[in-house]
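Just below is one structure, and these are the notes that go with it.
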Amino acid sequence: MASSSTATQADFIVGEKYKLVRKIGAGSFGDIYLAINVTNGEEVAVKLESKRARHPQLLYESKLYNILQGGVGIPRMRWYGQEKEYNVLVMDLLGPSLEDLFNFCSRRFTMKTVLMIADQMISRIEYLHTKNFIHRDIKPHNFLMGIGPHSNKSDTAGKRKRSTAAVQNNKTKQHIPYREDKSLTGTARYASINAHLGIEQSRRDDMESLGYVLMYFNRSSLPWQGITAATKKQKYEKISERKMSIPVEVLCKGFPAEFAMYLNYCRGLRFEEAPDYVYLRQLFRILFILLNYQHDYAFDWTTLQQNAAQPQATTSGQSHQTQPPTVSKRDTTMPVTEKRLWAHAQSVLMVVLILILVWMGEGGKRGVSTGEAHTATAVLASCEPDVWCLQVS
Numbered sequence: 001m002a003s004s005s006t007a008t009q010a011d012f013i014v015g016e017k018y019k020l021v022r023k024i025g026a027g028s029f030g031d032i033y034l035a036i037n038v039t040n041g042e043e044v045a046v047k048l049e050s051k052r053a054r055h056p057q058l059l060y061e062s063k064l065y066n067i068l069q070g071g072v073g074i075p076r077m078r079w080y081g082q083e084k085e086y087n088v089l090v091m092d093l094l095g096p097s098l099e100d101l102f103n104f105c106s107r108r109f110t111m112k113t114v115l116m117i118a119d120q121m122i123s124r125i126e127y128l129h130t131k132n133f134i135h136r137d138i139k140p141h142n143f144l145m146g147i148g149p150h151s152n153k154s155d156t157a158g159k160r161k162r163s164t165a166a167v168q169n170n171k172t173k174q175h176i177p178y179r180e181d182k183s184l185t186g187t188a189r190y191a192s193i194n195a196h197l198g199i200e201q202s203r204r205d206d207m208e209s210l211g212y213v214l215m216y217f218n219r220s221s222l223p224w225q226g227i228t229a230a231t232k233k234q235k236y237e238k239i240s241e242r243k244m245s246i247p248v249e250v251l252c253k254g255f256p257a258e259f260a261m262y263l264n265y266c267r268g269l270r271f272e273e274a275p276d277y278v279y280l281r282q283l284f285r286i287l288f289i290l291l292n293y294q295h296d297y298a299f300d301w302t303t304l305q306q307n308a309a310q311p312q313a314t315t316s317g318q319s320h321q322t323q324p325p326t327v328s329k330r331d332t333t334m335p336v337t338e339k340r341l342w343a344h345a346q347s348v349l350m351v352v353l354i355l356i357l358v359w360m361g362e363g364g365k366r367g368v369s370t371g372e373a374h375t376a377t378a379v380l381a382s383c384e385p386d387v388w389c390l391q392v393s
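Residue numbers (UniProt numbering): 1 to 393.
So this is what it looks like as structure tokens:
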């Protein structure tokens, strides 16, 4: 195994210039080491896998990264080859995962942070899809933030099994065929309903899984967490039943309607249908603007770190510790009448913007799905009196 004394020797250099420093992680393939480029002092990550591995993964991973190279948020592969008894992959050193950062922030993200994360994650998944791959294991653990000048960008990497699969045959340019009776690939907590039902996964499943990740960040947990059973199969069945029994509107209750709209849209996609990534991004970007946020990349964890680094004010010789961030509350200082007026104004504006996006924007290229039509109709009905009061001056 990669954790043998050979791999930890101070003089173990791979790729002729990457010197191993210390072990920083492990995966199903082997171990991950911090290494230094001896020519310029740059820190990198090195994955080691035994040549005798029963199911080698690093060769596949190196080929995948080679295809994805150049995309925003895709770690740069520095070298792949064999050294001594190991398969070796050298790549960019990344920062903590979104799960790590969620725990660092006391398992609470503000709406601003969730929306900035959503924007980047949609783009990362879209890029993967444009290369004719699907992820099949979308979860907070598999999205890592960069370090240094790239610390505000998320990367699709991490302790990932060989879950990524082709969604289109490169030779025939045909979408993979629809199949059933497939075993669940990925993490049950974030898996799509169709994945639970044994249906072959496609792009729609990645997007639905992302919706559950976002609600996990909003709620701090999902209703189907903590389920126990005698076997893994029984546990997955219970999770599936619980997931299907909870309407999207109930799952997203208490949070902006855009999250329910997102999930309803994703669940309504057909097997081969390409998600409208622009529409999905715009849902959250418009909400971001309506909430008057500034896209300054000030995530909760960066704010918390900055506050902790500042000298703490003291009173009577006692220091005040930095308080963990709490979920921001909308309009808490507004009088009730102003709240109602603002809510009506937001509803009207959202209807107008949604209709423009769907019928005149990128959505117009493919028409309007049944889910979108129902969503727009429902929102329109909820604020109908205000809509008909709009006048052109």
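Every residue, glycine too, gets a C-beta built ideally from N, C-alpha and C.
Whose C-beta lies closer than 8 Å to the C-beta of residue i among residues of the same chain, with five residues either side of it excluded?
i, result
"T228", "K235"
"V167", "H129, N132, F133, I134, H175, I176, S202 and R203"
"residue 397", "With the chain running from 1 to 393 in the structure shown, residue 397 is simply not present."
Name the DSSP bridge partner or partners of residue i?
i, result
"residue 403", "Absent from the model: residue 403. The displayed extent of the chain is 1 to 393, so no value can be given."
"D206", "Paired residue(s): none; D206 is not in a bridge."
"M261", "DSSP, once it has assigned bridges, lists no residue as partnering M261."
"A45", "L34 and M91"
"K232", "In the DSSP output, where bridge partners are listed per residue, K232 has none listed."
"A26", "D31"
"Y80", "L89"
"L64", "The partner list for L64 (beta bridge, DSSP) is empty, contrary to what the question assumes."
"S50", "Y86"
"Y18", "V14 and N37"
"H55", "DSSP output for H55 lists no bridge partner at all."
On a CA-only basis, which of the options is nearest residue i? Give me that one, please.
i, options, result
"L184", "Y178, G81 and I199", "I199"
"H196", "M244, K23 and Q174", "M244"
"E241", "I125, I193 and T172", "I193"
"L93", "G81, R76 and S106", "R76"
"M207", "M261, C105, D181 and P256", "M261"
"F104", "L48, S62, S220 and G30", "S220"
"W79", "V72, G73 and N66", "N66"
"A120", "G146, L290 and D137", "It should be pointed out that residue 120 corresponds to Gln in this sequence rather than to Ala. Cα-wise, what sits closest to Q120 is G146."
"G254", "R270, R281, N218 and F271", "N218"
"F259", "R270, Y279 and A274", "Y279"
"L58", "F29, Y265 and R267", "F29"
"Q225", "R189, S209 and K17", "R189"
Could you check the C-alpha separation between residue i and residue j for me, to the nearest Å?
i, j, result
"C252", "T187", "21 Å"
"K232", "P247", "25 Å"
"I134", "S202", "7 Å"
"G211", "F284", "12 Å"
"V21", "V14", "12 Å"
"G70", "F102", "28 Å"
"Y216", "L34", "31 Å"
"L304", "E85", "43 Å"
"L128", "L68", "7 Å"
"M91", "E83", "16 Å"
"E43", "R107", "29 Å"
"V72", "I125", "11 Å"
"V88", "A298", "36 Å"
"P140", "V213", "7 Å"
"H295", "I289", "9 Å"
"E49", "G27", "9 Å"
"K51", "A45", "19 Å"
"Y293", "G81", "46 Å"
"Q282", "A308", "34 Å"
"S209", "K17", "40 Å"
"P275", "Q306", "38 Å"
"F143", "A191", "16 Å"
"A118", "C266", "14 Å"
"I122", "T172", "27 Å"
"G268", "Y277", "14 Å"
"P223", "I74", "32 Å"
"E273", "V250", "26 Å"
"I138", "Q310", "35 Å"
At a cut-off of 6 Å, is residue i close to the ligand GTP when judged by its beta-carbon and the heavy atoms of the ligand?
i, result
"R54", "With respect to small molecules bound, the structure shown includes none, and the ligand GTP cannot be examined in it."
I'd like to know if residue i contacts chain D, where contact means its C-beta is closer than 7 Å to some C-beta of that chain.
i, result
"S240", "Here there is only one protein chain, and chain D is not present."
Looking only at its chain, what residues have a beta carbon closer than 6 Å to the beta carbon of residue i, apart from the 5 residues adjacent to it on each side?
i, result
"K238", "I227 and A229"
"F12", "L20"
"G25", "I32"
"F271", "Y178 and S202"
"W388", "For W388, the pLDDT reaches just 39, beneath the cut-off of 50, and the residue's location in the model is therefore unreliable, although a value from the coordinates is still provided. So the list is empty, once near-sequence residues are dropped."
"H55", "none"
"D300", "C105, F109, T110, T113 and P325"
"S23", "The question names Ser, but residue 23 is Lys in the sequence shown. Same-chain partners within the cutoff: D31 and Y33."
"P256", "L287"
Output needed for residue i: all residues of its chain with C-beta closer than 7 Å, excluding positions within five of it in sequence on either side, in chain order.
i, result
"T302", "none"
"K63", "none"
"E61", "L89"
- prompt: So, do the segment 39-52 and the segment 96-104 have three or more beta carbon pairs nearer to each other than 8 Å?
  reply: Counting Cβ pairs under 8 Å, fewer than three are found: no touch.
message = When you compare the segment 173-183 with the segment 111-127, are there three or more beta-carbon pairs, one atom per stretch, that lie closer than 8 Å?
response = For the pair of segments examined, the segment 173-183 was found not to touch the segment 111-127: the number of CB pairs separated by less than 8 Å stays below three.
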